[in-house]
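Notes for the one structure printed next.
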Amino acid sequence: MIAFTHRFDSTAFRNAFAPRKPRRPWLRVLFGLVGVALLVALVAVSVVVGVAMISAGLLIKLWKSRSASRVQRDPRVIDGEYRAVRNDKHALPSA
1 MIAFTHRFDS
11 TAFRNAFAPR
21 KPRRPWLRVL
31 FGLVGVALLV
41 ALVAVSVVVG
51 VAMISAGLLI
61 KLWKSRSASR
71 VQRDPRVIDG
81 EYRAVRNDKH
91 ALPSA
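Residue numbering for the sequence shown is 1 to 95, as defined by UniProt numbering.
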């Protein structure tokens, strides 16, 4: 038995950091409320950061569009890419 005393007992180390529920019911409720409040705070911060990022992107886009010189084009012209269909088999059937 003396030969095994030099070995490290990992169960005491593992149990030292294991999360345990408190025995008192009011303390359990208090920890639950603290956890919910922390979760709500993190969600609120993430929403604020997301709104700030979206608004900053929109402001930068607006600022760049105002500073860029635009070429006046005819508003009646529609720009697009077209492909000519040469065969009747690719054309849409007539009703």
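From the three backbone atoms N, C-alpha and C, an ideal C-beta is built for every residue, glycine too.
Residue i in three-state terms, based on DSSP
i, result
"residue 44", "helix"
"residue 65", "helix"
"residue 60", "helix"
Contacts around residue i, its chain only, beta-carbon distance under 7 Å, and the 5 residues preceding and following it disregarded
i, result
"residue 12", "none"
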